[in-house]
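Note sheet for the following structure.
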Amino acid sequence: MSVNIPAYRELCTVAAAYGAKLAAVSKTKPASDILALYEAGQRIFAENYVQELTAKYAALPRDIRWHSIGHLQTNKVKYIAPFVSVIQGVDSLRLLHAINREAGKNGRRIDCLLQIHIATETTKFGLDEQELDQVAETVTAAPEDFRHIRLTGLMGMASFTPDQQQVAAEFGKLKTLFGKVRDRYGMDPEVFCELSMGMSADYRLALEAGSTLIRVGSLLFGERNRP
Ligand SMILES: *Cc1c(COP(=O)(O)O)cnc(C)c1O
Numbered sequence: 001m002s003v004n005i006p007a008y009r010e011l012c013t014v015a016a017a018y019g020a021k022l023a024a025v026s027k028t029k030p031a032s033d034i035l036a037l038y039e040a041g042q043r044i045f046a047e048n049y050v051q052e053l054t055a056k057y058a059a060l061p062r063d064i065r066w067h068s069i070g071h072l073q074t075n076k077v078k079y080i081a082p083f084v085s086v087i088q089g090v091d092s093l094r095l096l097h098a099i100n101r102e103a104g105k106n107g108r109r110i111d112c113l114l115q116i117h118i119a120t121e122t123t124k125f126g127l128d129e130q131e132l133d134q135v136a137e138t139v140t141a142a143p144e145d146f147r148h149i150r151l152t153g154l155m156g157m158a159s160f161t162p163d164q165q166q167v168a169a170e171f172g173k174l175k176t177l178f179g180k181v182r183d184r185y186g187m188d189p190e191v192f193c194e195l196s197m198g199m200s201a202d203y204r205l206a207l208e209a210g211s212t213l214i215r216v217g218s219l220l221f222g223e224r225n226r227p
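Spelled out as structure tokens, the structure:
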């Protein structure tokens, strides 16, 4: 078993000191590792790949709250809509419509985070500021068209760089955008309340910058073979 329970305890303590939650990123890791962390008390797990997510959902305890992270294809939403708690990687209006439709078919309402492009790398997914405005405006102008989703916040990934100042600046930018969009579109702060940022390498900086939800994988489960 490769799960690092002392690191988990430490992470829980640090996150709690900031009033933040921890999503354990379990992509590529076996169900047995997830169960080990579950038994230590963890309930939020995050996965990137739909096939893995559905297989693990079927095999593991029902009170796990599953988050979908990373890019999600519109035509795959139907496989996770019956059970997923939060979809963190919403990067288009088209995807948001698909989530609303599939959640409706399941008589559910799914929490969604809009993924914002804050890094310098162009390979990373996410909306730019203008696209964020567009999505927020569309959703708040026609809430009846989005009855089966809730916009609960923003998500972002900082650049992969040893430059701590740059990473902190990118997190700061996301935090500013978060407040701006919430205020501009009169979003309920009780609902639009989640700022998902921070991974194994940069979660402390993210918490300092106002993260409410860190997504940590390798620190808990060890290095992955594929990214
Ligand atoms: C894989 C992944 C993580 C976790 O990364 P670690 O460096 O292993 O903590 C967090 N967020 C997203 C979107 C990921 O794809």
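In terms of full-length UniProt numbering, the sequence shown opens at residue 1 and continues consecutively.
Ideal Cβ placement from N, Cα and C applies to all residues, glycine included.
If you're wondering where the values come from, they're calculated on a predicted model, not measured in any experiment.
| Item | Value |
| --- | --- |
| With distances taken Cα to Cα, identify the nearest neighbour of Lys56 among Ser26, Gly70 and Leu37. | Ser26 |
| With a cut-off of 8 angstroms, do at least 3 Cβ pairs link the segment 166-183 to the segment 82-97? | no |
| How would you label Ala16, buried or exposed, when you count the other beta carbons within 10 angstroms and need 16 or more for buried? | exposed |
| Quick one: give me the first and last residue of the alpha helix (DSSP H) that Asp183 is part of. | Gln164 to Arg184 |
| Is there at least one non-hydrogen atom of ligand 1 closer than 8 angstroms to the beta-carbon of Leu219? | yes |
| Only counting the same chain, and skipping five residues up and downstream in sequence, which positions put a Cβ closer than 6 angstroms to that of Gln83? | This sequence places Phe at residue 83; Gln is not what is there. Taken in chain order, the residues that qualify are Tyr57. |
| Would DSSP call Lys21 helix, strand or coil? | strand |
| Using 8 angstroms for Cβ pairs, my map puts Ile64 next to Arg43. What's the rounded Cβ distance? | 6 angstroms |
| Starting from Glu47, trace the alpha helix (DSSP H) in both directions and tell me its first and last residue. | Glu47 -> not in any alpha helix (DSSP H); beta strand (DSSP E) instead, spanning Ile44 to Glu47. |
| In angstroms, rounded to a whole number, what distance separates the CA positions of Asp133 and Ala141? | 12 angstroms |
| What residue range is occupied by the uninterrupted beta strand (DSSP E) comprising Val33? | Note that residue 33 corresponds to Asp in the displayed sequence, not to Val. From DSSP, Asp33 is part of no beta strand (DSSP E) but of the alpha helix (DSSP H) over Ala31 to Glu39. |
| Is the segment 97-105 close to the segment 113-130, with three or more CB pairs under 8 angstroms? | no |
| Looking at the structure shown, is Leu53 part of a helix, part of a strand, or coil, going by DSSP? | helix |
| Val216 bridges to which residues according to DSSP? | Ala24 |
| Report the residue ranges of all alpha helix (DSSP H) runs contained in full by the segment 58-93; include only those spanning at least 4 residues, in chain order. | 77-80 |
| How many angstroms separate the CA atom of Leu35 from the CA atom of Trp66? | 13 angstroms |
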